[in-house]
Amino acid sequence: MKRDRYLPRWVIAALSAAVGVAGIALVAQSDAASVAATTSSAGDAAGDVDYLPMVFVFLLSTFIGLGVIRRVSRLLHTPLMSLTNAISAIAVVGAILVAGPDVPPTILLLGGIALFASVTNIVSGFLITDRMLKMFKRDERGAPGIDKRKTL
Amino acid sequence: MSALFVNLAYIVAAVMFIFGLRMLSSPATARSGNALSSGGMLIAIVVTLLSKGIVEFHWIAIAAAAGALVGALASRLVAMTSMPEMVALFNGSGGIASLLVGWAALFGADPNSAGAVTPFTAVTVFLSVMIGGVTFSGSLVAWAKLAEVVPSGAIVFVGQRVINAALLGGLVLCGVLFALLPAPDSPLFYAILGLAVLLGVMAVIPIGGADMPVVISLLNSYSGLAACAAGFAINNNILIVSGSLVGAAGIILTNIMCKAMNRSLTNVLFSGFGAVKTVTKVEGDVKPIVAEDAYLILEAASAVTFVPGYGMAVAQAQHVVRELGEILEANGCEVSYAIHPVAGRMPGHMNVLLAEANVPYDQLVESDDINPRMPNVDVAVVIGANDVVNPAARDDDASPIYGMPIVNVDHARTVFVLKRSMASGFAGVDNPLFFGTNTRMLFGDAKASISALISEFK
């Protein structure tokens, strides 16, 4: 199925694991740092956001993404797109965070529309992906007992 | 709930997304992968709702309920054949959500600090509004083209590239000025918003229908990057992690699509390929065939390969194709389906259509895997595909599609081409396949032609 795999399977697995551990460690560390920052100087914490850890998180998770997605079956490229669309609606977290506090109506409106758009995206994204994946079946005579459910 | 706990839950959600995507490597585990990812999303949403400072549950509940209702209805009602349009709309709504989050971040999560926007926040807000805006309007144009609300061909005019370059330049200039003088209600911000939306429209209109797989993948990538930028703007790691996973997925798909057409991304985005008409003419006799004669050949065949293209989707012929495939199998024939990566209007389009028609996925073969076996195939049935089976891409270095990897159907013993008429393909290139000595043309609607073959078998 995959012709253009540049590295052996285990190397990719090991690299992804290493990068993953490093990324999680970084996230945890930056969280600890930001928690410390907000508790020590709650007033002007917004002024000096430590953005370097965020850049690290971005780079490392991009590499994880490249490693993981490269191995996705070519059969499933359409479900992959609808699933990643649902995941990109993670902006819902941002929408809740901006609309959630006691804010003026302008921000509430912006956050509310963002929330509506991303919840639509999440719900239909995951449901449609499931509907599509349900249709992919093996040849039942060739491999008995894999998935005999008739969907259509 | 403490910030530490919220962030730990975000890490769990991110790991669930990664494993969910990982499980898409096989159709057998893919459904659980999707379920795992949706679980990750649920965790992320719930802990965010429980996190400190969230008080406005009233409006959140209304907006979320409305969104869930629309989403659930859309997922039930949409037909599998309109999946490309649906994916385009998804990209757009991801883009607008990130844009709005970035915009709101400009006012600051804390209303007391409004007015004090740091340059870093300004840059990230600029990026999320720019990428989100381009994704939003570009996706709407892609949707309109796919749904044939507007003509699906490339729209090109003189000075288009200059205008697009000026738009991009203006956008970056506004962004730099905005970062130097950040303010929540700066006119520069509205200029950025307007230019981004305009740029999205202008960037997608010169791209024709057959290049849509590239555009959809690219917009998919942008929707992730927009979420990433919004994550930087509100200083939230889960947005950055998820956004970059999506961005990476889009980049890989874009790369695969470009390779499958042997064209660079720049060429796809800026050449207005579909509008170019070439003058190369292929001379020769076309040999039509009727269903009765085609039946006799198929009846004697021991290996048949179907090569579907966008025409099969248009004619909705996937169900009758599967029926014919089953009849041939019952007749002792080996049946396979050769799938070219850019057949259709989005990555994996043909796979989904054939899966919908209950074709087992182990019969779907990639073009590189079927090509070496092609000389042993008795009949290759081309259904609504043209450029992806054009031998000129392999043999004629003057052809505009020269170098594009194709399905070598002309190496099969006999080729049936199901075609409405003798019009040339999307790329406007004549196809020497139609004049080959082993090619027989079965004219008419693909669905009607296949149905006629089925009735011959009965």
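The listed protein sequences derive, respectively, from chains A and B. Letter by letter, the first sequence follows residues 1 to 152 in my numbering. Letter by letter, the second sequence follows residues 1001 to 1458 in my numbering. Backbone N, C-alpha and C define an ideal beta-carbon position, used for all residues, glycine too.
Item	Value
Short CB-CB distance (under 9 Å) between G1247 of chain B and chain A	yes
CB contact flag (Q1160 of chain B, M1202 of chain B, <9 Å)	yes
Euclidean distance between Cα positions of V1123 of chain B and L1167 of chain B	18 Å
Alpha helix (DSSP H) segment containing L60 of chain A, residue limits	52-69
Environment of G1169 of chain B [buried if 16+ CB atoms lie within 10 Å]	exposed
Nearest neighbour of G1418 of chain B, chosen from B:L1296, B:I1062, B:K1458, B:K1287 [CA to CA]	A small correction: the amino acid at residue 1418 of chain B is Leu; Gly does not occupy that position in the sequence shown. Here the closest residue by C-alpha is B:K1287.
Pairwise C-alpha distance: A1385 of chain B and L1354 of chain B	15 Å
Interface positions of the region 1061-1085 of chain B facing chain A (Cβ-Cβ less than 9 Å), listed along the chain	I1062, A1063, A1064, A1065, A1066, G1067, A1068, L1069, V1070, G1071, A1072, L1073, A1074, S1075, R1076, V1078, M1080, M1083, P1084
Touch test, the region 1303-1311 of chain B against the region 1369-1386 of chain B, Cβ-Cβ under 8 Å, three pairs minimum	yes
Per DSSP, the bridge partner or partners of E1456 of chain B	None; E1456 of chain B has no bridge partner.
For S1336 of chain B, the three-state DSSP class (helix, strand or coil)	strand
First through last residue of the alpha helix (DSSP H) which encompasses M1261 of chain B	1237-1261
Residues within the region 1288-1313 of chain B neighbouring chain A, beta-carbon criterion of under 7 Å	none
DSSP state of M1212 of chain B mapped onto helix, strand, coil	helix
Alpha helix (DSSP H) runs wholly inside the region 1128-1162 of chain B, at least 4 long, in chain order	none
S1025 of chain B versus G1309 of chain B - alpha carbon distance	24 Å
Any non-hydrogen atom of the ligand MN closer than 8 Å to G1040 of chain B Cβ	With respect to the ligand MN, the structure offers nothing, as it holds no ligand at all.
Within chain B, the residues that L153 of chain A reaches when beta carbons sit closer than 7 Å	Nothing can be reported for residue 153 of chain A, as the shown portion of chain A is limited to 1 through 152.
Integer Cβ distance of V1407 of chain B from G1436 of chain B, believed to fall under 8 Å	Not confirmed; about 14 Å, so no contact.
Reference L1069 of chain B, options A:D130, A:K137, A:M132, A:V119, closest by Cα	A:V119
Chain-ordered chain B contacts of L76 of chain A [CB-CB under 8 Å]	L1024, P1027, A1030, G1348, N1351
Beta strand (DSSP E) segment containing S1418 of chain B, residue limits	In the sequence as presented, Ser is not what sits at residue 1418 of chain B; that position holds Leu. Unbroken beta strand (DSSP E) run through L1418 of chain B: 1414-1419.
Short Cβ contact (9 Å threshold) for I69 of chain A with I1252 of chain B	yes
Within 9 Å, strictly: CB atoms of S1038 of chain B and A95 of chain A	no
Chain A within 9 Å of L1188 of chain B, Cβ atoms only	no
Opening and closing residue of the alpha helix (DSSP H) in which T1048 of chain B lies	1027-1050
Counterpart residues of V1304 of chain B in DSSP-defined beta bridges	B:V1335, B:V1379
Proximity below 9 Å, CB of V1078 of chain B to CB of S61 of chain A	no
Three-state secondary structure assigned by DSSP to P104 of chain A	coil
Residue environment, A36 of chain A, which counts as buried when at least 16 other CB atoms sit within 10 Å	Residue confidence is low: A36 of chain A scores 47 on pLDDT, short of 50, so the model does not pin down where it sits. Its coordinate-derived value is still stated next. A36 of chain A comes out exposed.
Reduced DSSP secondary structure (H/G/I, E/B, other) of R956 of chain B	Lying outside 1001 to 1458, the shown extent of chain B, residue 956 of chain B is not represented and no answer is given.
Assumed close pair M1346 of chain B, T78 of chain A - CB separation to whole angstroms, cut-off 8 Å	6 Å
Within-9 Å CB hit, F1090 of chain B to chain A	yes
Buried versus exposed call for A99 of chain A [16 or more other C-beta atoms within 10 Å across all chains shown]	buried
Partners in chain A for C1333 of chain B, counting only beta-carbon separations shorter than 7 Å	In chain order: nothing, as chain A lies at least about 14 Å away.
Beta bridge counterpart(s) of F1090 of chain B as assigned by DSSP	Paired residues: none, contrary to the question.
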